[in-house]
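Residue numbers (this note's numbering): 16 to 175.
Take a look at the structure:
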């Protein structure tokens, strides 16, 4: 038995398949502050309650918004066990957008749809393109992005 799963190699993905990832993640104020500070994001919308209290009509009824990098990072993380556990490289992230705000205390889930798969130049791997969405429990999409991942071939790595 290996460290990674045996059902998420290149051969296991089919165009059109949708994977609803089981884990969710509630984003805390501490998550937002740590990540926002780590990447030196200075937009006060993420951490200045006094500012948003003064202008509630501008700032989502005086609620601070979770930095989009946090939302994206957690969404990719929630999907990784099923989509990229056997990845060799994360090749591209394209066409990303934040579609709705996330606030402290919101929980997100992830869903991945296989958009494309093709052979890679190297024989031990293939390329899979996913449409990844982060969603709130009510189905509201908060982030979406296309991820292209170089994934191991079962035929080269999984030994019987």
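Glycine included, C-beta positions come from ideal geometry on N, C-alpha and C.
The structure presented is a predicted model; accordingly, all values stated were derived computationally and were not measured.
Cβ pair residue i, residue j closer than 8 Å
i, j, result
"residue 98", "residue 157", "no"
"residue 84", "residue 54", "yes"
"residue 111", "residue 142", "no"
"residue 132", "residue 28", "yes"
"residue 86", "residue 147", "no"
"residue 119", "residue 44", "yes"
"residue 169", "residue 26", "yes"
"residue 108", "residue 30", "no"
Same chain, Cβ closer than 7 Å to residue i, five either side skipped, listed in chain order
i, result
"residue 48", "62"
Best match in the options for proximity to residue i [C-alpha to C-alpha]
i, options, result
"residue 196", "171, 21, 154", "The structure shown does not extend to residue 196, since the chain spans only 16 to 175, so no value can be given for it."
"residue 153", "129, 147, 125, 133", "125"
"residue 57", "72, 38, 68, 82", "82"
"residue 150", "94, 139, 101", "94"
"residue 21", "101, 44, 43", "101"
"residue 3", "70, 35, 78", "Residue 3 is absent from the structure shown; the chain starts at 16 and stops at 175."
"residue 122", "89, 24, 51", "89"
"residue 13", "72, 52, 77", "Look at the range of the chain in this structure, 16 to 175, and you will see that residue 13 is not part of it."
Cβ-based neighbour list, residue i, same chain, cut-off 8 Å, excluding 5 preceding and 5 following
i, result
"residue 104", "164, 165"
"residue 74", "60, 66, 67, 80"
Proximal residues to residue i (C-beta, below 6 Å), its chain only, five neighbours per side dropped
i, result
"residue 66", "59"
"residue 199", "This structure cannot settle anything about residue 199, because the visible part of the chain is limited to 16 through 175."
"residue 39", "122, 124"
"residue 139", "168, 171"
| message | Which complete beta strand (DSSP E) runs does the stretch 129-175 hold, if anything under 3 residues is left out? | response | Counting whole runs of 3 or more residues, the stretch 129-175 contains the beta strand (DSSP E) stretches 140-150, 156-167.
| Completely contained beta strand (DSSP E) runs for the stretch 19-102, where each covers 3 or more residues | Within the stretch 19-102, the complete beta strand (DSSP E) runs of at least 3 residues fall at 33-41.
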